[in-house]
Amino acid sequence: MAFNVFFLLYFGLRFIAANDKLWFWLEVNSVVDFFTVPPVFVSVYLNRSWLAPPDCQLHLPCCIFSVPGHEQFLPPADCKIVISLRTKAQFLLYLLYESFSILRARVENSGDPWENFQNNQALTYWECVYLLMVTMSTVGYGDVYAKTTLGRLFMVFFILGGLAMFASYVPEIIELIGNRKKYGGSYSAAMFARYVPEIAALILNRNKFGGTFNKHGGRKHIVVCGHITLESVSNFLKDFLHKDRDDVNVEIVFLHNISPNLELEALFKRHFTQVEFYQGSVLNPHDLARVKIESADACLILANKYCADPDAEDASNIMRVISIKNYHPKIRIITQMLQYHNKAHLLNIPSWNWKEGDDAICLAELKLGFIAQSCLAQGLSTMLANLFSMRSFIKIEEDTWQKYYLEGVSNEMYTEYLSSAFVGLSFPTVCELCFVKLKLLMIAIEYKSANRESRILINPGNHLKIQEGTLGFFIASDAKEVKRAFFYCKACHDDITDPKRIKKCGCKRRSGCFGERQSADAEVVLLCCPWLQSQVLASYHLDHQGSSLRTSRPFIPIAPMHLLWIARSQ
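No gaps in the numbering here: position 232 of the sequence shown is 231 in numbering that gives the first Met the number 0, and each next residue is one more.
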């Protein structure tokens with residue numbers, strides 16, 4: 000009674016302080032007071048009560064929660080997480096207390112009005128608590144159940160409301176707990192109070208892509224970072240893992256500071272045997288250690304060619320280069336740049352070394368270079384785009400120009416070491432033998448002088464003889480065809496007319512160059528990414544005779560490159 004008198008006085012004070020007296024009667028807190036305070040005074044006046052003493056005691060918290068600003072009587076909470084959880088807990092307790100009281104006092108203990116209250120049953124408060132909890136959480140055990148029609152109808156709505164509230168509150172509570180700072184709590188001497196929240200935070204904050212890369216024995220890996228999106232990754236994998244390349248025994252490790260969306264994650268799962276994703280930043284040395292950057296064959300940095308500020312994008316990639324080089328100066332880095340003038344900043348990095356394979360691919364320079372070459376030779380850009388793009392052959396039965404065009408488009412440029420059977424022969428002789436016998440078109444070779452300086456010679460002529468371990472440049476439809484130049488043996492394959500039958504033989508004459516081919520495969524794998532075609536334009540230049548390509552650094556074989564991927568950026 001004393002508490003109800005207090006709430007009645009508090010109701011009067013709120014009415015006096017209200018600005019809108021009419022709206023005050025329709026407020027939620029006022030409606031709650033209507034159903035909680037007057038019944039006590041009515042029961043005293045009529046000397047009749049529907050609530051037993053335990054009900055009145057458990058009904059008290061509901062009255063407390065109905066007081067606006069009641070949190071000032073509770074311990075202070077300066078954290079929004081505590082306030083939010085406290086509010087939700089108060090509402091839950093209020094709903095449960097009211098439901099228990101309604102089910103017991105106003106439904107089951109009273110009976111149905113149309114049955115003249117004859118079908119009532121005597122239930123204690125705790126029996127109602129047990130009935131509602133087991134019914135809402137499971138299906139009920141049948142030992143206690145509602146007999147009245149109103150009780151059963153009430154339980155139907157109670158279960159529906161409980162499920163809706165559970166579905167609404169649980170995600171919010173998990174989000175609140177998951178965003179809790181690891182070191183944001185207060186000191187507590189109790190072990191249980193200290194360890195349980197920390198264990199829960201560790202479980203909830205566990206990063207799905209926060210593991211460490213485990214390098215498999217015998218397999219190389221490259222690290223790809225920068226602008227990692229569905230489009231950039233799909234274009235990269237489409238070219239890198241193209242079936243024309245044969246088996247690429249290289250793992251691709253993507254490192255990005257944002258978790259992939261569902262589409263990108265599905266793309267990674269489709270290539271799970273060769274692709275792994277880890278969440279992190281190349282600016283963090285710990286994340287670089289996780290992806291084993293020190294043992295990677297190369298690190299590729301992709302740029303966002305659709306960005307609004309190209310200079311800012313280049314600055315971000317330069318910072319990535321600096322961070323990676325500071326962690327491991329010997330790592331080979333190939334980065335995309337959007338503006339040509341920003342390439343000069345890379346020269347200020349002490350460990351940046353063009354001779355060791357570090358390279359910057361400028362997209363604007365590449366596109367303008369193709370435009371300029373097209374002005375000198377019409378159709379050159381189209382021919383190079385078709386030559387360096389990765390496409391499978393589309394078979395057409397009709398003898399039309401489309402058939403021959405698509406057959407030419409399906410060819411790409413490949414590199415392969417020449418067999419020892421070609422040693423001592425002139426370049427035209429080897430070209431004729433490859434074209435007639437192996438059905439391959441060889442256009443250039445790598446020539447190493449006495450001081451081991453490498454040069455790319457395009458159709459050098461009769462004066463040059465093929466050396467042991469010479470690398471040839473071929474135009475073919477896939478990598479399997481090019482292997483014929485490496486497997487060819489005059490003693491074993493001289494009488495073979497079908498080039499598809501030219502495969503590895505057991506002849507001892509060919510045993511000298513197997514070790515060199517393994518290193519060539521590694522170099523080809525490193526460069527078979529969609530945007531390294533600038534090796535052709537940026538790294539080498541024609542001499543005065545126009546028959547050879549020179550470079551001041553050790554030659555790195557050029558694999559097929561996806562120029563159409565660059566063309567789509569316009």
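All residues carry an ideal CB built from backbone N, CA and C; glycine is no exception.
Whole angstroms are fine: how far does the CA of residue 153 sit from the CA of residue 117? Straight through space, the alpha carbons of residue 153 and residue 117 are spaced by roughly 19 angstroms.
Proximity winner among 406, 455 and 412, relative to residue 575 (alpha-carbon distances): Absent from the structure is residue 575, since the part of the chain shown begins at 0 and ends at 569.
Among 357, 343, 336 and 150, whose alpha-carbon lies nearest the alpha-carbon of residue 324? Considering only alpha carbons, the answer is 357.
How many whole angstroms separate the CB atoms of residue 465 and residue 424, which I take to be in contact at a CB cut-off of 8 angstroms? In this structure residue 465 is in contact with residue 424, their Cβ atoms being roughly 5 angstroms apart against a cut-off of 8 angstroms.
Distance CB(residue 290)-CB(residue 252) smaller than 8 angstroms: In this structure, residue 290 lies near residue 252, with their beta-carbon atoms less than 8 angstroms apart.
Given 7 angstroms as the limit, tell me if residue 235 has its C-beta closer than that to any heavy atom belonging to the ligand MN. The model on display carries no ligand, and the ligand MN is accordingly not part of it.
Burial state of residue 387, where buried means 16 or more other Cβ atoms lie within 10 Å: Buried: at least 16 other Cβ atoms inside 10 Å.
Can you say whether residue 150 is buried or exposed, counting buried as having 16 or more other CB atoms within 10 angstroms of its CB? Its Cβ being crowded by 16 or more others within 10 Å, residue 150 is buried.
In chain order, what residues of the same chain have a beta carbon less than 6 angstroms from the beta carbon of residue 369, not counting five sequence neighbours either side? Only 380 meet the Cβ criterion.
Opposite residue 367 in the DSSP bridges: which residues? According to DSSP, which records beta bridges pairwise, residue 367 is partnered with nothing at all.
Limits of the unbroken beta strand (DSSP E) element including residue 504: Premise fails: residue 504 is in no beta strand (DSSP E) and is neither H nor E.
In the DSSP assignment, the beta strand (DSSP E) including residue 219 goes from what residue to what residue? For residue 219, the enclosing beta strand (DSSP E) covers residues 219–225.
So for residue 384, helix, strand or coil by DSSP? DSSP places residue 384 in helix when its eight states are reduced to three.
Evaluate contact between the stretch 405–425 and the stretch 469–476, counting only Cβ atoms and requiring at least three cross-stretch pairs below 8 angstroms. Counting Cβ pairs under 8 angstroms, three or more are found: they touch.
Of all the options 334, 174 and 130, which has the alpha carbon lying nearest to the alpha carbon of residue 155? Among 334, 174 and 130, the Cα nearest to that of residue 155 belongs to 130.
Quick check on the DSSP output: the beta strand (DSSP E) that includes residue 446 runs from which residue to which? Residue range 440–447 is occupied by the beta strand (DSSP E) that includes residue 446.
Mind checking who residue 148 pairs with in its DSSP beta bridge? Per DSSP, none; premise fails for residue 148.
With distance defined between alpha-carbon atoms, name the residue in 259, 144 and 119 nearest to residue 128. For residue 128, the closest C-alpha among the options 259, 144 and 119 is that of 144.
Taking the DSSP output, what are the residues bridged to residue 338? BP columns for residue 338 are empty, so no partner.
Taking only the alpha-carbon atoms, compute the straight-line gap between residue 375 and residue 259 and give it to the nearest angstrom. Distance between the alpha carbons of residue 375 and residue 259: 44 angstroms.
Burial state of residue 225, where buried means 16 or more other Cβ atoms lie within 10 Å: Around the beta carbon of residue 225, 16 or more other beta carbons lie within 10 angstroms, which makes this residue buried.
From residue 338 to residue 302, what distance separates their C-alpha atoms? Approximately 11 angstroms between the Cα atoms of the pair.
I'd like to confirm the pairing. Which residues does DSSP put opposite residue 453 in its beta bridges? Beta-bridge pairing links residue 453 to 447.
Using only CA atoms, which one of 212, 459 and 310 lies nearest to residue 273? Comparing Cα-Cα distances from residue 273 to each of 212, 459 and 310, the minimum goes to 212.
Count the other CB atoms, across all protein chains shown, that sit within 10 Å of the CB of residue 448; report buried if there are 16 or more and exposed otherwise. Counting the other Cβ atoms within 10 Å of the Cβ of residue 448 gives fewer than 16, which makes it exposed.
Report the three-state DSSP secondary structure of residue 472 (helix, strand or coil). Three-state DSSP puts residue 472 in a strand.
Can you list, in chain order, the residues of its chain with a C-beta nearer than 6 angstroms to that of residue 158? Leave out the 5 residues immediately preceding and following it. Result list for residue 158: 135, in chain order.
If residue 10 and residue 17 are in contact, beta carbons under 8 angstroms, what's the gap, nearest whole angstrom? With 8 angstroms as the limit, residue 10 and residue 17 do not qualify as a contact, their Cβ atoms being about 11 angstroms apart.
Return the first residue and the last residue of the beta strand (DSSP E) that residue 251 is part of. Where residue 251 is concerned, the enclosing beta strand (DSSP E) stretches over 249–255.
What ranges does the alpha helix (DSSP H) occupy inside the stretch 261–290, keeping only unbroken runs of at least 4 residues that lie completely in it? Taking 4 residues as the shortest admissible run, the stretch 261–290 contains the following complete alpha helix (DSSP H) segments, listed from N- to C-terminal end: 261–269 and 284–289.
Can you grab the Cα-Cα spacing for the pair residue 223 / residue 294, in whole Å? Straight-line Cα distance between these residues: approximately 14 angstroms.
Below 8 angstroms on the Cβ atoms is my guess for residue 298 versus residue 332; work out the distance and round it to an integer in Å. At roughly 5 angstroms, the Cβ-Cβ gap stays under 8 angstroms, so residue 298 and residue 332 are in contact.
According to the neighbour-count rule (16 or more other Cβ atoms, all chains shown, within 10 Å of its Cβ), is residue 305 buried or exposed? With fewer than 16 other CB atoms across the displayed protein chains lying within 10 angstroms of its CB, residue 305 is exposed.
Can you tell me whether residue 135 is helix, strand or coil according to DSSP? If DSSP states are grouped into helix, strand and coil, residue 135 belongs with the helices.
Secondary structure of residue 430, DSSP reduced to three states: Collapsing the DSSP output to three states places residue 430 in a helix.
So, are the CB atoms of residue 107 and residue 115 less than 8 angstroms apart? Contact flag unset, no.
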